[in-house]
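Asker:
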Amino acid sequence: MNKRTITPQNALTRLETLCARSEQCTHDIRQKLYKWGISSSDSCKIIKSLTDRKFIDDNRFAEAFVRDKFRFSKWGRLKIVQALSLKHIPRHIINDALELIEPDDYESALISHISQKAKSIDMPDSFEGKTRLFRFMASRGFEPSLIIKIINSRKWAGQE
1 MNKRTITPQN ALTRLETLCA RSEQCTHDIR QKLYKWGISS SDSCKIIKSL TDRKFIDDNR
61 FAEAFVRDKF RFSKWGRLKI VQALSLKHIP RHIINDALEL IEPDDYESAL ISHISQKAKS
121 IDMPDSFEGK TRLFRFMASR GFEPSLIIKI INSRKWAGQE
């Protein structure tokens with residue numbers, strides 16, 4: 001198997017282009033460098049260069065990730081925290097990024113998702129229906145106590 005090798009300079013150029021197009025985190029870049037067979041010392045130099053020149057910024061990455069996953073993928077805080085933790089983002093950065101989600105928007109999104117899901121359930125007010133709603137929203141990463149509060153309040157059904 002004839003595998004083309006990537007030089008550290010070539011890797012840096014490719015990563016600058018990648019980081020200019022989309023937000024990347026340090027962990028993903030480190031994984032990519034490892035996959036390309038770049039030595040550990042060269043990887044550290046490349047990551048330091050990218051970080052110093054603001055191509056990589058884990059704070060900025062976490063903020064963009066939280067915004068996108070909440071708005072477009074309709075994820076709850078727990079699922080976002082888990083995904084960012086898997087990318088080795090420090091907890092204090094994750095907590096700061098989660099502050100971008102307005103509590104009223106978060107609750108409104110949860111109500112909207114429950115209401116949408118309830119339409120596909122035969123008897124959403126039954127114990128089984130509420131359990132299905134709960135499980136679905138928990139799988140989306142919303143906090144169990146908040147899910148129960150919203151389900152029991154019946155805000156999702158247009159009743160309070």
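Residue numbers (the working numbering): 1 to 160. Cβ atoms here follow ideal geometry from the backbone N, Cα and C, with glycine treated the same way.
Just verifying my parser: in three-state terms, what is the DSSP assignment at Cys-25?
Answerer: Correct three-state label for Cys-25: coil.
Asker: Can you give the beta carbon distance from Lys-69 to Ile-80, rounded, assuming they're within the 8 Å contact cut?
Answerer: With 8 Å as the limit, Lys-69 and Ile-80 qualify as a contact, their Cβ atoms being about 5 Å apart.
Asker: Sorted by chain position, which residues of the same chain lie with C-beta nearer than 7 Å to Leu-84's C-beta, five sequence neighbours on each side aside?
Answerer: Taken in chain order, the residues that qualify are Ala-62, Phe-65 and Ile-94.
Asker: Can you say whether Leu-33 is buried or exposed, counting buried as having 16 or more other CB atoms within 10 angstroms of its CB?
Answerer: It counts as buried.
Asker: Please report the distance separating the alpha-carbon of Asn-152 from that of Ile-89.
Answerer: So the two alpha carbons sit approximately 35 Å from each other.
Asker: What's the gap between the Cα of Thr-17 and the Cα of Gly-76?
Answerer: If I take the Cα positions, the gap works out to 31 Å.
Asker: Three or more C-beta pairs under 8 Å: does that hold for the stretch 6–24 against the stretch 37–45?
Answerer: Yes: the two stretches touch, three or more of their Cβ pairs being nearer than 8 Å.
Asker: Do you know how far the Cα of Glu-102 is from the Cα of Glu-125?
Answerer: Going by the sequence as given, residue 125 is Asp instead of Glu. Approximately 28 Å, taken between the alpha carbons.
Asker: If you count every other CB in all the chains shown that lies within 10 Å of the CB of Ala-20, and 16 or more means buried, which is it?
Answerer: Burial call: exposed.
Asker: By how many angstroms is the C-alpha of Asp-52 removed from the C-alpha of Gly-141?
Answerer: Each residue's Cα considered, the two are about 34 Å apart.
Asker: Buried or exposed: which applies to Gln-31, given that a residue is buried once 16 or more other Cβ atoms fall within 10 Å of its Cβ?
Answerer: Burial call: exposed.
Asker: Going by other Cβ atoms of all chains shown within 10 Å of its Cβ, with 16 needed for buried, is Gln-24 buried or exposed?
Answerer: Buried, by the Cβ-count rule.
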